[in-house]
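A.B. asks: Residue numbers (the numbering used here), protein chains in the order written: chain W, 11 to 190; chain R, 801 to 1121.
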Amino acid sequence: MSIQYIILAIFTQIRSIFLTMKHMFAKRETRLYPDHSVYLSPRYRGRIVLTKNPDGKERCVACNLCSVVCPVSCISLQKSQNKFGRWFPLFFRINFSRCIFCGLCEEACPTAAIQLIPDFELSDFNRKDLVYKKNDLSILGTGKYHNYNFYEKTGVYNQIDTSTKNSAHSIPVNIKDLLP
Amino acid sequence: MMHVNFIHVLSLFCKTFMIVFLIIFCSAFLSFVERRVLGLFQNRFGPNRVGWFGSLQLIADMIKMLFKEDWVPLFSRKFIFIIAPVIAFITSLLVIATIPFDKNFYIINLNIGILFFLIMSAVSVYSILFAGWSSNNKYALLGAVRAIAQTLSYEVFLGFSLMGVIARANSFNLICIVNSQKYIWNIIPQFFGFLTFIIAGLALCHRHPFDQPESEQELADGYHIEYSGMKFGMFFIGQYISLIVVSAIITVMFLGGWNGPFFSGYVWFFLKTVFFIMFFILLRASLPRPRYDKILYFGWIICLPITLLNLIFTAFFILLI
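(1) Against chain R, does W/I13 count as a neighbour if the rule is that its beta carbon must be under 8 Å from one of theirs?
(2) Can you list, in chain order, the residues of its chain whose CB lies under 8 Å from that of R/M801, leaving out five sequence neighbours each side?
(3) Taking DSSP's pairing of strands, which residues face W/L141 in a bridge?
(4) So the candidates are R/F960, R/V837, R/G1029 and R/L856; which of them puts its Cα closest to the Cα of R/K1154?
(5) Should W/I27 be flagged as near chain R, meaning a C-beta pair shorter than 8 Å?
(6) Quick check on the DSSP output: the alpha helix (DSSP H) that includes R/S1047 runs from which residue to which?
(7) Around the C-beta of W/N63, are 16 or more other C-beta atoms found within 10 angstroms, so that it is buried, or is it exposed?
(8) Could you check what DSSP says for W/D187 in three-state terms: helix, strand or coil?
(9) If you measure between the beta carbons of W/T30 and R/S1086, is that distance less than 8 Å?
(10) According to the neighbour-count rule (16 or more other Cβ atoms, all chains shown, within 10 Å of its Cβ), is W/Y161 buried or exposed?
(11) Report the three-state DSSP secondary structure of R/W852 (helix, strand or coil).
(12) Based on Cα-Cα distance, which residue from R/A967, R/A922, R/L1082 and R/V1045 lies nearest to W/K32?
(13) Name the residues in the region 842-853 of chain R whose C-beta lies less than 9 Å from a C-beta of chain W; which are they?
(14) Hey, is the region 907-915 of chain R in contact with the region 989-1005 of chain R, meaning 3+ C-beta pairs nearer than 8 Å?
(15) From the DSSP output, which residues share a beta bridge with W/V59?
(16) In this structure, does DSSP put W/D65 in helix, strand or coil?
(17) Using a cut-off of 8 Å between C-beta atoms, extract the partners of R/L1087 located in chain W.
(18) If you drop the 5 nearest sequence neighbours on each side, which residues of the same chain put their C-beta closer than 7 Å to that of W/R92?
(19) Closest Cβ-Cβ distance between R/L1104 and chain W: below 8 Å?
(20) Step through the CB atoms of chain R and report whether any lies within less than 8 Å of the CB of W/R55.
(21) Answer yes or no: do R/I767 and R/T1073 have a C-beta to C-beta separation smaller than 8 Å?
(22) For W/C112, which residues of its own chain have a beta-carbon under 7 Å away from its beta-carbon, when the five flanking residues on both sides are left out?
(23) Distance, Cα to Cα, R/Y1023 vs R/L952?
(24) On the CB-based measure, 16 or more other CB atoms within 10 Å of its CB, does R/T1107 come out buried or exposed?
(25) Which of helix, strand or coil does DSSP assign to R/Q857?
(26) Restricting to Cα atoms, I'd like to know which of R/L941, R/N843 and R/S1042 is closest to R/E1026.
(27) Cβ closer than 7 Å: which chain R residues qualify as neighbours of W/A36?
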């Protein structure tokens, strides 16, 4: 241990004390969350919702892909069929005490029905209150995709859907054409 | 037969009670102040939810501490276990009696004032030893062993660093020491004594960076791991009392006590003490905890020779003049 080393060590200590003191005049970094709300980007993966088509009918076709892809198996639903042959979920439950908000269900959903929105205020006092039923999950709006209507692209043909033009079904495929 | 003036005794009692109450209140409030000031140094808010800027945090902490289960472990030595926090609380509180806050504002004027401080700091080792041993817990015992090794090696030059001041003032009496600093504060002629006393004082009240006995990361809380409720609170407040005591002793010994222009004595004493308390909190915010053996090495190899040299040179100059 040379004299130079000792003097250098003392000065580094004094320097670190001085640097800490300078922080007295710096801005505080803490966000006072309940007083000031937090900005979350639209892509933030928070609470899960079930959205509706622009015409107000539910998007979910109970294909079970979200439930299959879910890594913690927190989604459970059962398929049912209405009289026109379209599928819809008889019940739809998400157990938010298990959900890890990975967003894979949103990726897997072919109809953009299930979506994760920037809302993280989900805390509850009872565990069983965190099991969200279809009523709790459904919202009236279209979520992030305002103009996307699943049944315009594909799906089971429905006689009463006269207003919406089902492109896939109204134009029949010409099987003799060579065009792609 | 001595003539005892009743009013005089009553006023003395009131003064003593007021000083002791103020010190205990201040040291309890210091736990809140320290958290706020640490937040200031670390760019965050401390407790700011209860009351105006969190000023009622002390009451919230007190309620929590009082309603916690005050459990005495079945495997402990009960009497020693219970007496340990009391010793920790009392030893540093007793030193308050000798500290002169102003020319005429003190509890007793002891001729051995500074010796009393050294005695009480030596006795405070017992509280840690008792707490660590009687808890019958290996973490607590390790914390106590560390604390005692540290306190013993730092107490040697805690005394030596004050010897220069005592030689200059030619007295152990704290009031005489303050009066000897009328023209120049001891911090200038006794600068190395001042530095080593700050280090030893920090080690004495187990503050960062000398918080070996309580190092939470290694020992889970050191010697008071088994304590809960008000018994823990007494250790906790005792630590803050000893912080105040060490700051006050530094003010008396090296910064001229109540001396200062413009304001009255109390104000100067208060300002100087608060300055040192804030400095200790700043040290806590900025310095990491050194390794255990390095602390002992630093104490014996660097600080002790410095204090001895300081004492020799002080004696030399006093004999010269």
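Yeah, the Cβ is synthetic: ideal placement off N, Cα and C, and Gly gets one too. Given the structure is predicted, the values throughout are model-derived calculations rather than measurements.
C.D. replies: In brief:
(1) In the first sequence, counting from the first residue as 1, residue 13 of chain W sits at position 3. So, not an interface residue.
(2) Taking the second sequence and counting its residues from 1, one reaches residue 801 of chain R at position 1. Model confidence at R/M801 stands at a pLDDT of 49, short of 50, so the residue's coordinates are unreliable and nothing is read from them.
(3) As a position in the first sequence, residue 141 of chain W is number 131, starting the count at 1. At residue 141 of chain W the sequence reads Val, which differs from the Leu that was named. DSSP output for W/V141 lists W/N105 as bridge partner(s).
(4) This structure leaves residue 1154 of chain R out entirely; chain R is present only between 801 and 1121.
(5) Stepping through the first sequence from its first residue, residue 27 of chain W is reached at position 17. Yes, contact with chain R.
(6) Working through the second sequence from its first residue, we reach residue 1047 of chain R at position 247. Boundaries of the alpha helix (DSSP H) around R/S1047: G1029 to F1054.
(7) Translated into the one-based positions of the first sequence, residue 63 of chain W becomes position 53. Answer is buried; the Cβ neighbour count reaches 16.
(8) In the first sequence, counting from the first residue as 1, residue 187 of chain W sits at position 177. Three-state DSSP puts W/D187 in coil, outside helix and strand.
(9) Residue mapping note: residue 30 of chain W aligns to position 20 of the first sequence, counting from 1. Residue mapping note: residue 1086 of chain R aligns to position 286 of the second sequence, counting from 1. Against a cut-off of 8 Å, the Cβ pair of R/S1086 and W/T30 comes out as a contact.
(10) As a first step, residue 161 of chain W is located in the first sequence; it is residue number 151 there, counting from the start. Looking at its Cβ environment, which holds 16 or more other Cβ atoms inside 10 Å, W/Y161 is buried.
(11) Counted from its first residue, the second sequence places residue 852 of chain R at position 52. Shown here, R/W852 sits in a helix according to DSSP, grouped into three states.
(12) Locating residue 32 of chain W in the first sequence gives position 22, where the first residue counts as 1. Nearest option by C-alpha distance: R/L1082.
(13) Listed in sequence order: Q842, N843, R844, F845 and N848.
(14) Flag = no, the region 907-915 of chain R and the region 989-1005 of chain R do not touch.
(15) As a first step, residue 59 of chain W must be located in the first sequence, where it is residue number 49. According to DSSP, W/V59 bridges with W/Q125.
(16) Translated into positions along the first sequence, residue 65 of chain W becomes position 55. Coil at W/D65, not helix or strand.
(17) By 1-based counting over the second sequence, the position of residue 1087 of chain R is 287. Correct list: Q23, S26 and I27.
(18) Translated into the one-based positions of the first sequence, residue 92 of chain W becomes position 82. Just to set this straight, residue 92 of chain W is Asn in the shown sequence, not Arg. Cβ neighbours of W/N92 beyond the five flanking positions: F98.
(19) Numbered from 1 along the second sequence, position 304 holds the residue referred to as residue 1104 of chain R. Not closer than 8 Å to any Cβ of chain W, the Cβ of R/L1104 fails to qualify, so no.
(20) What you label residue 55 of chain W is simply residue 45 of the first sequence in a count that begins at 1. Answer no: the Cβ-Cβ gap between W/R55 and chain R never drops below 8 Å.
(21) There is no way to answer for residue 767 of chain R, as the model of chain R reaches only from 801 to 1121.
(22) Taking the first residue of the first sequence as position 1, residue 112 of chain W is located at position 102. P81.
(23) Your numbering for residue 1023 of chain R matches position 223 in the second sequence. Your numbering for residue 952 of chain R matches position 152 in the second sequence. Roughly 16 Å between the two C-alpha positions.
(24) For the purposes of this step, residue 1107 of chain R is taken as residue 307 along the second sequence, with counting starting at 1. It counts as buried.
(25) As a first step, residue 857 of chain R must be located in the second sequence, where it is residue number 57. Collapsing the DSSP output to three states places R/Q857 in a helix.
(26) For the purposes of this step, residue 1026 of chain R is taken as the residue at position 226 of the second sequence. When each option's Cα is compared against that of R/E1026, the closest is R/L941.
(27) Within the first sequence, residue 36 of chain W is the residue found at index 26, counting from 1. Residues of chain R passing the Cβ test: N843.
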